[in-house]
Amino acid sequence: MTSTSTAGPRVIARKRRTPAARVKSVIWHVALLAVLVVVLYPAFWVLTAAVKPNAEILTSISPIPTSITWEHFASAFDGMAGIGLWRFFWNSFVIAALSVVGIVASCSITAYALGRLEFPGRKAMFAVVIATLLLPGQVMLIPQYLIFSEMDVVNTIFPLVIGKFLGLDAFFVFMYVQFLRGIPRELDQAATIDGAGHFRIFFSIMLPLLRPAIVTSSIFTFIWSWNDFMGPLIYLHEIEKFPLPRLLQSYNNTEAVSNYGGMMAMTLLSLVPVVLFFLVFQKFLIKGIATSGVKG
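In UniProt numbering, the protein residues as written are 1 to 296.
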């Protein structure tokens, strides 16, 4: 004799929210939407200003254009002073690419020495590197300019990229050191037993494991170098050598009519490489930041 029993699907009772909780949730979401509008409004204004007539950009408070014109993008592609837009894109790309290579090469090697090797004064040297984060960059502008002027390299990209190859960016050195501290030292010991030296350990073992940190530093360096305005403003004087941020300043001429529409169109075009670069490597960026932050 057998007996069977049937049981219906288990129903999980959903807890009803009180009216006060609902009001609190509505207020919270409205506040978040308001913050989102404030954050995105400048980008929306630039987008609409790029298709507005010049006379309407500063005279109308409405972000919605009454008429749409594409002449600003046409003038942006024409460039300036007879130089096409792609030349300025190339200048920005060269500076950003060299900066990425310099940061990855110099900061990773410096971090390996400070984070994995044992030698007298290592901790003091690392403390000095971290202390440079407290030094404002404006303090070094005049001494650096005088040095580069004596070297006769002003009006070249040399002053803009040489520091990246010397491991002078303490932020990335610290990030690499934090990442290296999370890698087991048994890997170094096993490689040493097999007869590998420090260069072999670094290039064959550590460098592949540093890929998330490398991608993270590459993204930050590319974005910062691409958007850098102060460096080109100080060191570059000829328009054919200008990167895009320096070119944007040339649209605002105090001695003539400022082409605000062309400046907005150029701003949108200059953001395209940065956005694409970030979208392609964003998953590595999140992984690298999370890993370097929790290791210790």
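Glycine included, every Cβ here is placed at the ideal spot set by N, Cα and C.
Less than 7 Å between C-beta atoms, sequence neighbours within five positions excluded: which residues of the same chain meet that for residue i?
i: Thr110; result: Gly167, Val173
i: Tyr112; result: Leu180, Phe202, Met206
i: Val46; result: Met264, Thr267, Leu268
What separation, rounded to the nearest whole angstrom, lies between the Cα atoms of residue i and residue j?
i: Ala190; j: Val280; result: 35 Å
i: Glu255; j: Leu117; result: A caution first: Glu255 carries a pLDDT of 46, below 50, which makes its placement in the model unreliable, though a value can still be read off. Approximately 58 Å between the Cα atoms of the pair.
i: Leu58; j: Leu247; result: 21 Å
i: Thr66; j: Ser75; result: 21 Å
i: Met151; j: Tyr145; result: 10 Å
i: Phe88; j: Ala21; result: 55 Å
i: Phe119; j: Ile130; result: 18 Å
i: Leu32; j: Arg200; result: 51 Å
i: Val39; j: Pro212; result: 29 Å
i: Lys283; j: Ser217; result: 13 Å
i: Pro243; j: Ser270; result: 10 Å
i: Lys241; j: Met140; result: 23 Å
i: Ile61; j: Ile147; result: 47 Å
i: Gly195; j: Ser149; result: 47 Å
i: Gly121; j: Gln249; result: 46 Å
i: Val128; j: Phe229; result: 28 Å
i: Ile27; j: Ala34; result: 10 Å
i: Gln178; j: Gln138; result: 27 Å
i: Ile193; j: Gly163; result: 36 Å
i: Ala124; j: Ala81; result: 52 Å
i: residue 299; j: Pro143; result: Limits of the chain in this structure are 1 at one end and 296 at the other, which puts residue 299 out of reach.
i: Val272; j: Glu56; result: 25 Å
i: Ile83; j: His29; result: 49 Å
Which residues in the same chain have their Cβ closer than 6 Å to the Cβ of residue i, if we skip the five residues on either side of it in sequence?
i: Leu268; result: Ala50
i: Phe165; result: Gly102, Ser106
i: Thr132; result: Ala170
i: Gly79; result: Leu85
i: Ala265; result: Ala50, His72, Phe73, Ala76
i: His237; result: Asn155
i: Leu98; result: Val161
Determine the contact status of residue i and residue j, defining contact as a CB-CB distance below 8 Å.
i: Gly115; j: Arg181; result: yes
i: Val154; j: Tyr235; result: yes
i: Ile239; j: Leu209; result: no
i: Ile157; j: Val94; result: yes
i: Leu187; j: Ile214; result: no
i: Asn54; j: Tyr260; result: yes
i: Tyr41; j: Ser108; result: no
i: Leu160; j: Gly231; result: yes
i: His72; j: Gly197; result: no
i: Phe19; j: Phe44; result: The residue you asked about is not Phe; residue 19 is Pro in the sequence shown. The answer is no: Cβ separation not under 8 Å.
How would you call residue i, buried or exposed, if buried means at least 16 neighbouring beta carbons within 10 angstroms?
i: Phe126; result: buried
i: Ile219; result: buried
i: Ser25; result: exposed
i: Leu233; result: exposed
i: Pro245; result: buried
Between which residues of its own chain and residue i is the CB-CB distance below 8 Å, once the five residues before and five after are set aside?
i: Ala96; result: Thr221, Phe222, Ser225, Trp226
i: Val274; result: Phe222, Ile223, Trp226, Asn227
i: residue 340; result: No answer is possible for residue 340: the residues shown for the chain start at 1 and end at 296.
i: Leu276; result: none
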